[in-house]
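*Asks:*
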Amino acid sequence: MGSLFRSEEMCRCQLFLQTEASYACVSELGELGLVQFRDLNPDVTAFQRKFVNEIRRCDEMERKLRFLEKEIKKDRIPILDTSENPDAPLAREMIDLEATFEKLDNELREVNMNEEMLKKNFLELTELKHILRKTQAFFDEQENIQAMQSLHANDGNLGQVNPALEYDGELIVTGDHKESFGGKLNLDFVVGVILRERIPAFERLLWRACRGNVFLKQAEITESLEDPATGDLVQKSVILIFFQGEQLKSRVKKICEGFRATLYPCPETPQERREMAIGVMTRIEDLKTVLGQTQDHRHRVLVAAAKNIRIWFTKVRKIKSIYHTLNLFNLDVTQKCLIAECWCPVADLDKIQLALKRGTEESGSSVPSILNRMYTTEAPPTYNRTNKFTAGFQNIVDAYGVASYREVNPALYTVITFPFLFAIMFGDFGHGLIMFLFALFLIVFNIFFGGRYIIFLMGLFSIYTGIVYNEVYAKSVNIFGSSWMISAEVDDNVLANVEKIQLNPNTSFIGHAYAYGLDPAWNIAVNKLNFLNSFKMKMSVIIGVFQMLFGVVLSFFNYRFFNRKLDIYTMFIPQMLFMCCIFLYLCILIIYKWTAFSAAPADMAVGHYPGSHCAPSLLIGLIFMFMFQQRNYGFDDSKCVTNAFYPGQVGFEQFLVVVAVLCAPTMLFVKPYLIYRERKNRLKDGHIAIHADMNSDDAEAVQIKEKAPSSSSAGAHDEHDDMNISEIFIIQAIHTIEFCLGCISHTASYLRLWALSLAHAQLSDVLWSMVLRIAFGFQGYAGAIAVYLIVWAFGMLTVCILVLMEGLSAFLHALRLHWVEFQSKFYTGSGYLFTPFSFDVILEQARIEDEYTMPMILGTQKWYPTRPFVDKGDKIQPFGLIILNGDVKCSCRRNTVKRFWKAAAIKIAADGASNLLYEMTSDKFSLCPDVMCGDLDSISDEARMHFQAMGSEVVQIASQAVTDFTKSVDTMFQMASRNKISLKSIYTVGGLCGRFDHIFGCMESLFLSYKIEPTVPIYLWHYESLLFLIPKGQHTIFIDQSVITGKCGLIPIGNRVSSIFTTGLQWNLKGEQLAFGTLVSTSNEVNCDVVNVGTSDPVLFTMELRVSSINLEVE
């Protein structure tokens, strides 16, 4: 109770730990979770701290465990989670864990490498099997055609060829058949496989390069083949190319190499082909056996690891958190003792002492750890003990502002007042029951979040207010019998001929109210809204005034606890008088009018009361109160609404107004005056503040004789000692004006209780009358079907609109009433939370992070930025190359450009880049683009004519709305679609040098290009830098560390990144916000081959290339 009413008493302590016992002691404190350590090395970077090497070792162990977890998830092996929480391992056990993880990591990587190699061999043998089959079928077909043509020639019908035997292709002769033709045809051939989407471009280039002197035969491989590098299924075709001469043979092989077609040896005779096919089938069967055994071994390793990986993660995270904490400590001069400072609750000092004792004993140290309590003027953190029930309400309060140290905690009262205010606006028995049952389901099955208890109480209180309002889905229930009845004087014939009848309360009211809640008769009354408006409006004012008064009362407990007596006399008492004289008096009048004035005539102290039509008006009475206007005593029918409520009302109200008016200057002037007078007395007694400039040579220290402050002002001036009188007066004026005006505006703000309650009731009534009532208008079977369907529609609309939307609206308004109207009367909220070093908190945060980042580990989009720099031959995935109109020579070395040029599936020169390519073209190597694209205002005629003569296509786009970069990207995708090439990525060269505005134009084009095809990565390459834009979502980046230096960065260009998570970097981001002026991740480092990024907004990823590793010579 004490902790809920006021935060725990805290103290700052100093710890002296022996070096050999420090690890065990911090481990015990982490299990206890009651100590918040202070950083004693704020000016020391993370790399210069004592235990940085241990933290690096922990990062490496976490990396290996993440790799292991990724492989387990990939094989869909369930991870055993026993919810076991092992103790932090001893420091010496860290070596054993490292050895275990190293062994598993090496074994798994070796198995993966062997499996990939076996899959590669299996793919090659499978392709060779299909090659032998398709080649044999083709040669058999040729032999049949030759035999039929020979038979036809021997019959003497040379001039008449059977159309069924005609063949459009060239005559192919191989092997033994060459001799029968006198050696005139000496054709060679090569066979291989190629990706199916590359065949059109391959066939066109083969025809152009060889000038039609080759014969190409192709056949599709019906089954899909698995790429061993990526695991993707690809479609391939067998190609058989015939040619004559060594020159054509060399040219054909180079073209095949350029299109990453894999060539295989194929015997010329059928007998040799059959023998090779038998051998291939035998090797395939053997490989299947070995591959199966390899996969079984890998599966067994992963299954064994899955049983312990959660425990391993827990141990490593505890070790890492311990060393992070030890980095906050200082070493003493002997280098044998660690000194720490911490905040801890005073009530738990004994527990902390026991934890330190256990840690010392576990470490085997003979020197005990010392806990020394310190005294400081620094404000301690705020620590409120909570449980799973009160945590949600405490979070509501902390969202407005953490309580100042030891000030009154509103969470205790919020447990009741928050759901009650919500229920006043949401009151309906049926809707509250839905919310109550939903929250009960969450509590019983322990799912969802801590707010389930808030929903539980909101539903329970809504059921209560629904009973008070007598509303169940906008309808009333007559349980106790209505107190209204039709008078016996009304004739039955009159009732039969009228739609509505007015009931006289003197004759139709039976004399006592409905047993509980509103009378059900009001539900069918025509003046129902008038009655409910009056009732709920007055109820809202009463509840609001009493809650604000309670807030002012709580401020008294703050003043008394902090010994601020001056504030009690100059703040609390004037505030209470101000509110009581005006607002509490209004509430009393409301209650008095409800109880004293009825429908029946009666003799009262102010005269004979004739009936309800002559009840005095509250609004007019309040106006007359502030105008000091006289009122009549007695009830004159012509002016009865202005009559007084009780004898002597006018004089008493004038007294209340005068007192309320005097409270304002009391709050405004008295406190600053008393502080001024006290300072003046101090000055007379020799107490004077000395302000010396310690940087000057004439600075001197002055000793001041202390004098105990008087009891009347003790603690009153402490918070104002560093202010002058004018500042104090200004602050007091702000507080006074804010309170006086706030009382009026806050009272009016509580009328939202009436407004939302009325709106909720009317919306419920509309939903009933316009939806559910329709079902009762049908008859027979149609009526049954209509009732069934419309009841479902009514239920869905009730849940979606009245429960969810209206519930959210009432929740937000209740939140505002607590934060502004209630807490502003006593709550400062300028503290900071107590965040102890706790393993439970660290592991829970890691669990939440894992839930967010696990999809990242599997990856929704994969990136391979360094693949073209290292892959060769058929391993290179098809990519496009765009040369921009910049200095290509400054962007990369010439040989590297040529290598990329040879490997690219589609090559585009953006406008003036054609001139650069023309200059780099030599006799040995021609840089001829497939397309010259842009507005073409910068290209020279010489370059244009040269490349057009070599077969380059010209695409001129005159629009100036977008850059040539964007035009080239659009053209690239059109070319890929036309040629049936599945581009995996696009690389650009030459865009990041030259004018600064051109560089940012490339950045803009990078953003625009993702709107064209967001699934294809676009990389900007400039000498040592490779950068690309990561869109919103989760991504896995595979990086070959042999071609990068390790330096990388995450730059929020074009927008603010609200939240970003990473793994695989030296300094991972864990939900931070990236923005210029806030945080930009530069000079980060890649520490593994896989980097995972989950981002809420697009972010630019940059990395530094190792130029010496990618500068490969071209043949």
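First residue of the sequence shown? That's 3 in the numbering used here, and the numbers climb one at a time after it.
Every residue, glycine too, gets a C-beta built ideally from N, C-alpha and C.
Owing to the predicted nature of the structure, the values given are computational and were not obtained by experimental measurement.
1) Would you give the residue range spanned by the alpha helix (DSSP H) that residue 605 belongs to?
2) With DSSP collapsed to three states, give me the class of residue 1105.
3) Tell me which residue opens and which closes the beta strand (DSSP E) that residue 881 is part of.
4) Leaving out five residues before and five after residue 913 in sequence, what residues of the same chain have Cβ atoms less than 8 Å from its Cβ?
5) Pairs of beta-carbons, one from the segment 125-137 and one from the segment 222-241, closer than 8 Å: are there three or more?
6) Ends of the beta strand (DSSP E) at residue 375?
7) For the alpha helix (DSSP H) that contains residue 865, what are its first and last residues?
8) Residue 1054: which of 1029, 1040, 1047 and 222 sits nearest, CA to CA?
9) Whole angstroms is fine: what's the gap from residue 840's alpha carbon to residue 38's?
10) Residue 381 to residue 587, Cα distance in whole Å?
11) For the segment 358-370 and the segment 35-52, state whether three or more C-beta atom pairs, one from each stretch, are separated by less than 8 Å.
12) Since residue 1021 is in the beta strand (DSSP E), which residue starts that stretch and which ends it?
13) Out of 760, 281 and 880, point me to the one whose CA is closest to residue 1120's CA.
14) If we ignore side chains and look at the alpha-carbon of each, how far apart do residue 8 and residue 1039 end up?
15) Using a beta-carbon distance below 7 Å, is residue 51 in contact with chain C?
16) One question on the structure: do residue 454 and residue 465 come within less than 7 Å of each other, judged by their Cβ atoms?
17) Starting from the N-terminal side, write out each stretch of the alpha helix (DSSP H) that is 4 residues or longer and does not extend beyond the segment 929-953.
18) Touching or not, the segment 549-567 and the segment 823-835, by the rule of three or more beta carbon pairs under 8 Å?
19) Mark residue 233 as exposed unless 16 or more other C-beta atoms lie within 10 angstroms of its C-beta, in which case mark it buried.
20) Evaluate contact between the segment 8-28 and the segment 400-408, counting only Cβ atoms and requiring at least three cross-stretch pairs below 8 Å.
21) Just curious, the alpha helix (DSSP H) that residue 597 is in, first and last residue?
22) Once the 5 residues before and after residue 832 are set aside, which same chain residues still bring their CB inside 6 Å of it?
23) Would you kindly work out how many angstroms separate the C-alpha atoms of residue 337 and residue 1067, rounded to a whole number?
24) Report buried or exposed for residue 513, applying the criterion of at least 16 other Cβ atoms within 10 angstroms of its Cβ.
25) Where does the unbroken alpha helix (DSSP H) through residue 194 begin, and where does it stop?
26) Distance check for residue 578 and residue 88, CA to CA, integer angstroms please.
27) With a 10 Å radius around its C-beta and 16 neighbouring C-beta atoms as the bar for buried, classify residue 522 as buried or exposed.
28) Indicate the three-state DSSP secondary structure (helix, strand or coil) for residue 14 in the structure shown.
29) With H, G and I counted as helix, E and B as strand and the rest as coil, what does DSSP make of residue 421?
30) Return the Cβ separation of residue 601 and residue 613 in integer angstroms, given the expectation that the two are a contact with Cβ distance under 8 Å.
31) With a threshold of 7 Å on Cβ separation, who are the neighbours of residue 1084 within its own chain once the five nearest residues in sequence on each side are excluded?
32) Three or more beta-carbon pairs under 8 Å between the segment 387-398 and the segment 67-83, yes or no?
33) In this structure, how does DSSP classify residue 830 when only helix, strand and coil are distinguished?
34) Grab me the residues of residue 868's own chain with a C-beta within less than 7 Å of its C-beta, minus the 5 sequence neighbours each way, in chain order.
35) Helix, strand or coil for residue 1098, going by three-state DSSP, please let me know.
36) Which one or two residues does DSSP pair with residue 273 in a beta bridge?
*Replies:* Walking through what the data contain:
1) As a position in the sequence shown, residue 605 is number 603, starting the count at 1. Looking at the DSSP string, residue 605 is not in any alpha helix (DSSP H); the run it does join, the beta strand (DSSP E), is 604-606.
2) Position 1103 of the sequence shown, counted from the start, is the residue given in the question as residue 1105. Residue state for residue 1105 is assigned as strand, using DSSP reduced to three classes.
3) Here the question's residue 881 lines up with position 879 in the sequence shown. Unbroken beta strand (DSSP E) run through residue 881: 881-885.
4) Position 911 of the sequence shown holds residue 913. Apart from the 5 residues on each side of it in sequence, residue 913 sits with its Cβ closer than 8 Å to the Cβ of 887, 934, 935, 936, 937, 938, 939, 940, 941 and 966 in its chain, given in chain order.
5) yes
6) For the purposes of this step, residue 375 is taken as the residue at position 373 of the sequence shown. Looking at the DSSP string, the run of the beta strand (DSSP E) that includes residue 375 is 372-376.
7) The residue given as residue 865 occupies position 863 in the sequence shown. Here residue 865 belongs to no alpha helix (DSSP H); instead the beta strand (DSSP E) covers 863-865.
8) Translated into the one-based positions of the sequence shown, residue 1054 becomes position 1052. Residue 1054 has its Cα closest to that of 1029, out of 1029, 1040, 1047 and 222.
9) The count along the sequence shown starts at 1 and reaches residue 840 at position 838. The count along the sequence shown starts at 1 and reaches residue 38 at position 36. Distance between the alpha carbons of residue 840 and residue 38: 9 Å.
10) Your numbering for residue 381 matches position 379 in the sequence shown. Your numbering for residue 587 matches position 585 in the sequence shown. Approximately 41 Å between the Cα atoms of the pair.
11) no
12) Counting from one through the sequence shown, the residue named residue 1021 turns up at place 1019. Run containing residue 1021: 1020-1024, per the beta strand (DSSP E) assignment.
13) Absent from the model: residue 1120. The displayed extent of the chain is 3 to 1117, so no value can be given.
14) Walking along the sequence shown from the start, residue 8 turns up at place 6. Walking along the sequence shown from the start, residue 1039 turns up at place 1037. Roughly 50 Å separates the two Cα atoms.
15) Among the chains in the structure shown there is no chain C, since it carries only a single protein chain.
16) Translated into the one-based positions of the sequence shown, residue 454 becomes position 452. Translated into the one-based positions of the sequence shown, residue 465 becomes position 463. In this structure, residue 465 does not lie closer than 7 Å to residue 454 by Cβ.
17) 943-951
18) Verdict: yes, contact present.
19) Taking the sequence shown and counting its residues from 1, the one referred to as residue 233 is at position 231. That one is exposed.
20) yes
21) Indexing the sequence shown from 1 puts residue 597 at position 595. If you look at residue 597, you'll find it in the alpha helix (DSSP H) that goes 587-598.
22) The count along the sequence shown starts at 1 and reaches residue 832 at position 830. Closer than 6 Å at the Cβ level, and outside the excluded window around residue 832, lie 406.
23) Counting from one through the sequence shown, the residue named residue 337 turns up at place 335. Counting from one through the sequence shown, the residue named residue 1067 turns up at place 1065. In a straight line, the C-alpha of residue 337 is about 33 Å away from that of residue 1067.
24) Looking up residue 513 in the sequence shown gives position 511. Answer is exposed; the Cβ neighbour count stays below 16.
25) Locating residue 194 in the sequence shown gives position 192, where the first residue counts as 1. DSSP places residue 194 outside any alpha helix (DSSP H); the residue lies instead in the beta strand (DSSP E), whose first and last residues are 190-197.
26) Start at 1 with the first residue of the sequence shown, and residue 88 comes out as number 86. Start at 1 with the first residue of the sequence shown, and residue 578 comes out as number 576. Cα-Cα distance, rounded: 56 Å.
27) To locate residue 522, count along the sequence shown from 1; it is residue 520. Buried, since its Cβ has 16 or more Cβ neighbours within 10 Å.
28) Taking the sequence shown and counting its residues from 1, the one referred to as residue 14 is at position 12. Strand.
29) Within the sequence shown, residue 421 is the residue found at index 419, counting from 1. Note: residue 421 maps to helix in three-state DSSP.
30) Taking the first residue of the sequence shown as position 1, residue 601 is located at position 599. Taking the first residue of the sequence shown as position 1, residue 613 is located at position 611. Contact flag correct, Cβ pair sits at about 6 Å.
31) Here residue 1084 refers to the residue found at position 1082 when the sequence shown is read from its first residue. So the list reads 1051, once near-sequence residues are dropped.
32) no
33) Taking the sequence shown and counting its residues from 1, the one referred to as residue 830 is at position 828. Note: residue 830 maps to coil in three-state DSSP.
34) Stepping through the sequence shown from its first residue, residue 868 is reached at position 866. Only 1041, 1042, 1045 and 1046 meet the Cβ criterion.
35) On the sequence shown, residue 1098 is found 1096 positions in, with the first residue counted as 1. Three-state result, residue 1098: coil.
36) Along the sequence shown, one-based indexing puts residue 273 at 271. Per DSSP, none; premise fails for residue 273.
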